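Written below as structure tokens is the structure these notes are about.
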Amino acid sequence: MSSDTYVDVLVIGAGPTGLGAAKRLNQLNEASWLLVDSNETPGGLASTDVTPEGFLYDVGGHVIFSHYKYFDDCINEALPKSDDWYTHQRISYVRCKELWVPYPFQNNISMLPKEDQVSCMNGMIDAALEFRVANTKPKNFDEWIVRMMGEGIADLFMRPYNYKVWAVPTTKMQCEWLGERVAAPDLKTVTKNVILQKTAGNWGPNATFRFPAHGGTGGIWIAVANTLPKQNVRLGKSGTVEKIDAEKKVATLADGKTITYGRLVSTMAVDALCEKIDDQELIIMTKDLFYSTTHVVGIGIRGARPENIGDKCWLYFPEDDCPFYRATIFSNYSPNNQPQANIKLPTLQKADGSKPDSSEPQEGPYWSLMMEISESSMKPVDGPNLLRDTIQGCINTSLISADAEIVSTYHRRFDHGYPTPSLERDGVLKQLLPKLQAKGIHSRGRFGSWKYEVGNQDHSFMLGVEAVDNILHGATELTLNYPDFVNSRSNTERSLIEGKALFSQLPAYKDVETRN
Numbered sequence: 000m001s002s003d004t005y006v007d008v009l010v011i012g013a014g015p016t017g018l019g020a021a022k023r024l025n026q027l028n029e030a031s032w033l034l035v036d037s038n039e040t041p042g043g044l045a046s047t048d049v050t051p052e053g054f055l056y057d058v059g060g061h062v063i064f065s066h067y068k069y070f071d072d073c074i075n076e077a078l079p080k081s082d083d084w085y086t087h088q089r090i091s092y093v094r095c096k097e098l099w100v101p102y103p104f105q106n107n108i109s110m111l112p113k114e115d116q117v118s119c120m121n122g123m124i125d126a127a128l129e130f131r132v133a134n135t136k137p138k139n140f141d142e143w144i145v146r147m148m149g150e151g152i153a154d155l156f157m158r159p160y161n162y163k164v165w166a167v168p169t170t171k172m173q174c175e176w177l178g179e180r181v182a183a184p185d186l187k188t189v190t191k192n193v194i195l196q197k198t199a200g201n202w203g204p205n206a207t208f209r210f211p212a213h214g215g216t217g218g219i220w221i222a223v224a225n226t227l228p229k230q231n232v233r234l235g236k237s238g239t240v241e242k243i244d245a246e247k248k249v250a251t252l253a254d255g256k257t258i259t260y261g262r263l264v265s266t267m268a269v270d271a272l273c274e275k276i277d278d279q280e281l282i283i284m285t286k287d288l289f290y291s292t293t294h295v296v297g298i299g300i301r302g303a304r305p306e307n308i309g310d311k312c313w314l315y316f317p318e319d320d321c322p323f324y325r326a327t328i329f330s331n332y333s334p335n336n337q338p339q340a341n342i343k344l345p346t347l348q349k350a351d352g353s354k355p356d357s358s359e360p361q362e363g364p365y366w367s368l369m370m371e372i373s374e375s376s377m378k379p380v381d382g383p384n385l386l387r388d389t390i391q392g393c394i395n396t397s398l399i400s401a402d403a404e405i406v407s408t409y410h411r412r413f414d415h416g417y418p419t420p421s422l423e424r425d426g427v428l429k430q431l432l433p434k435l436q437a438k439g440i441h442s443r444g445r446f447g448s449w450k451y452e453v454g455n456q457d458h459s460f461m462l463g464v465e466a467v468d469n470i471l472h473g474a475t476e477l478t479l480n481y482p483d484f485v486n487s488r489s490n491t492e493r494s495l496i497e498g499k500a501l502f503s504q505l506p507a508y509k510d511v512e513t514r515n
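Using numbering that gives the first Met the number 0, the first residue of the sequence shown is number 0, and each one after it goes up by one.
Put into structure tokens, the structure is as follows:
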């Protein structure tokens with residue numbers, strides 16, 4: 000391509016959203032297009048890092064589960080063999096009062112000490128009585144928690160846990176985003192389980208999930224990118240967008256080349272996008288969008304996986320004896336997420352910080368933990384000591400012993416980690432996204448459209464797919480505009496094989512618009 004290229008659709012960002020847009024553009028073959036990304040490797044916030052010792056860590060806790068046939072088609076096309084994947088049952092617990100309480104916590108208070116069971120039951124009974132006479136909606140997430148679960152569960156789990164996740168108090172968050180993400184307790188079932196000392200079964204949209212055998216979550220998106228024509232993809236410096244002239248529809252790249260476009264699908268964070276456009280009105284709007292920073296800390300450990308860890312997948316930590324809100328036993332997802340047992344590695348330190356017994360490299364086996372810690376102006380962290388504090392937190396919560404041999408460590412800070420469903424968010428987005436669209440820019444993705452409730456990998460991918468269908472055919476973007484609708488059904492309208500068959504069904508989408 001020449002230094003001054005024209006494309007009908009320019010896609011910025013090769014994470015799940017950008018790759019979804021590119022897949023759809025390539026499949027429909029109705030418009031010229033180009034995908035650019037400043038990173039040399041596709042994947043965005045769904046990428047995977049590898050430590051020098053050979054331990055893999057995702058950018059946070061990612062698993063594959065899907066609401067969409069089209070997403071499944073594209074993933075299966077990229078990694079088609081059965082041995083490309085491992086399928087797991089989700090086994091997750093909450094660490095509370097030095098106990099492992101099965102997830103979801105609110106359905107399993109039968110595991111708690113008796114005094115806490117009484118406190119939680121009293122709260123749930125009060126909440127149920129209040130719910131019957133309430134004639135107003137909860138004004139924020141905190142009110143929703145108390146209305147649905149009561150003060151006991153709120154104080155013991157929901158408030159402290161969500162503060163650790165979001166790095167803002169629950170009183171500063173809205174509750175419209177919740178949908179299927181938080182299980183409301185069934186008072187009769189919880190009462191029965193408390194009396195009979197039973198636990199409730201698994202709940203939620205991801206009770207089973209797939210994980211790639213090789214390359215971590217990032218391996219999926221590298222494989223998806225490899226299904227696209229190479230001439231339509233620019234990565235690294237040649238794909239780094241420095242500025243955007245929204246009036247002239249010209250993007251200037253770091254290497255000095257320019258791309259003129261008809262329409263733009265931007266998956267970069269919308270606050271960064273507005274800075275690159277240099278539109279002061281839009282920049283001011285984005286100041287009312289909030290986000291938290293995510294720190295991912297990994298530790299690679301020599302030795303057999305402890306019995307108390309077993310086949311657990313991920314674990315939640317509401318209490319203040321550790322800085323992290325979630326830990327993933329990443330070595331359980333694939334045997335290739337850590338070095339093979341015959342690889343010799345030196346011990347860096349024991350978990351308590353003491354020196355190893357020997358500095359000589361020794362064989363495994365190895366296993367690994369990946370922790371996530373949030374940060375914001377309302378919840379600062381001690382960055383230089385976060386690795387140390389996280390390892391101590393692992394000891395405090397019985398994930399590892401004080402004498403565990405640590406052979407590898409990892410710490411990476413992701414400035415934009417979680418898009419906060421703040422009280423201000425929807426008011427901003429209702430103005431900001433249409434103003435951008437009026438300039439020919441579809442801002443989409445986890446931070447492009449800033450909606451956490453459609454921020455999983457399947458949602459993010461389909462935000463890109465649906466943006467293209469909207470640009471080319473005017474199709475309604477269901478995932479962006481109707482999160483509860485797409486999350487409550489199996490979305491089978493699109494298929495990678497059928498291609499344009501979708502558009503014969505467009506009246507059905509219009510019906511959805513009128514129903515809402």
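C-beta: ideal position from N, C-alpha, C; glycine also.
Because the structure is a prediction, the values reported are computed rather than measured.
Rounded C-alpha distance that separates residue i from residue j
i    : j    : result
D7   : L18  : 17 angstroms
M147 : I124 : 10 angstroms
D310 : M172 : 34 angstroms
G444 : V223 : 17 angstroms
P168 : N139 : 10 angstroms
L428 : S448 : 8 angstroms
V269 : S489 : 29 angstroms
T190 : F460 : 41 angstroms
L386 : D319 : 16 angstroms
E512 : V485 : Residue confidence is low: E512 scores 37 on pLDDT, short of 50, so the model does not pin down where it sits. No coordinate-derived value is stated.
T170 : I152 : 16 angstroms
A507 : L477 : Per-residue confidence for A507 stands at a pLDDT of 37, beneath the threshold of 50, marking its modelled position as unreliable; no derived number is given.
Q504 : W220 : The predicted position of Q504 is uncertain, since its pLDDT is 48 and thus under 50; no value can be drawn from it.
L314 : K248 : 46 angstroms
K582 : I308 : Nothing in the structure corresponds to residue 582, since the chain is present only between 0 and 515.
S109 : K438 : 55 angstroms
N28  : L111 : 58 angstroms
T226 : N106 : 43 angstroms
D3   : Q230 : 15 angstroms
L462 : A253 : 27 angstroms
L432 : S442 : 7 angstroms
V295 : A206 : 24 angstroms
D83  : A466 : 29 angstroms
Buried/exposed call for residue i, threshold 16 Cβ in 10 Å
i    : result
K343 : exposed
F602 : No information on residue 602 is available, as it lies outside the stretch 0 to 515 that the chain covers here.
T135 : exposed
H472 : exposed
F446 : buried
T389 : buried
A20  : buried
G14  : buried
F70  : buried
R493 : buried
D468 : buried
Contact belief for residue i with residue j at Cβ below 8 angstroms, rounded distance in angstroms
i    : j    : result
A250 : V264 : Incorrect: roughly 12 angstroms between the Cβ atoms, too far for contact.
L44  : V62  : Contact doesn't hold; Cβ gap of about 14 angstroms is too wide.
C119 : L155 : 7 angstroms
Y85  : Y290 : That belief does not hold up - the Cβ atoms of Y85 and Y290 are roughly 32 angstroms apart, past 8 angstroms.
Y451 : T259 : Actually they are not in contact, since the Cβ atoms of Y451 and T259 sit about 34 angstroms apart, beyond 8 angstroms.
T475 : K68  : About 17 angstroms; that fails the 8 angstroms criterion.
V464 : K22  : 7 angstroms
H87  : F208 : 6 angstroms
M267 : G12  : 6 angstroms
Cross-strand partners of residue i (DSSP beta bridge)
i    : result
W32  : V8
Y315 : V93 and R325
T257 : D3 and T251
W99  : R94
P228 : DSSP output for P228 lists no bridge partner at all.
Check your understanding: If we count Cβ pairs, one from each stretch, closer than 8 angstroms, do we get three or more for the region 349-356 versus the region 397-409?
Key -> yes
Check your understanding: Would you say the region 230-246 touches the region 30-41, given that touching needs at least three Cβ pairs under 8 angstroms?
Key -> yes
Check your understanding: Does the pairing of the region 214-233 with the region 41-55 give three or more beta-carbon distances under 8 angstroms?
Key -> yes
Check your understanding: Okay, do the region 365-372 and the region 323-334 touch, 3+ Cβ pairs below 8 angstroms being the bar?
Key -> Contact holds: three or more Cβ-Cβ distances are below 8 angstroms.
Check your understanding: Would the region 350-367 and the region 327-341 be scored as touching if the rule is three or more Cβ pairs under 8 angstroms?
Key -> yes
Point to revise | Given 8 angstroms, three or more beta-carbon pairs between the region 451-460 and the region 286-305 | key: Result no; under three Cβ-Cβ pairs closer than 8 angstroms.
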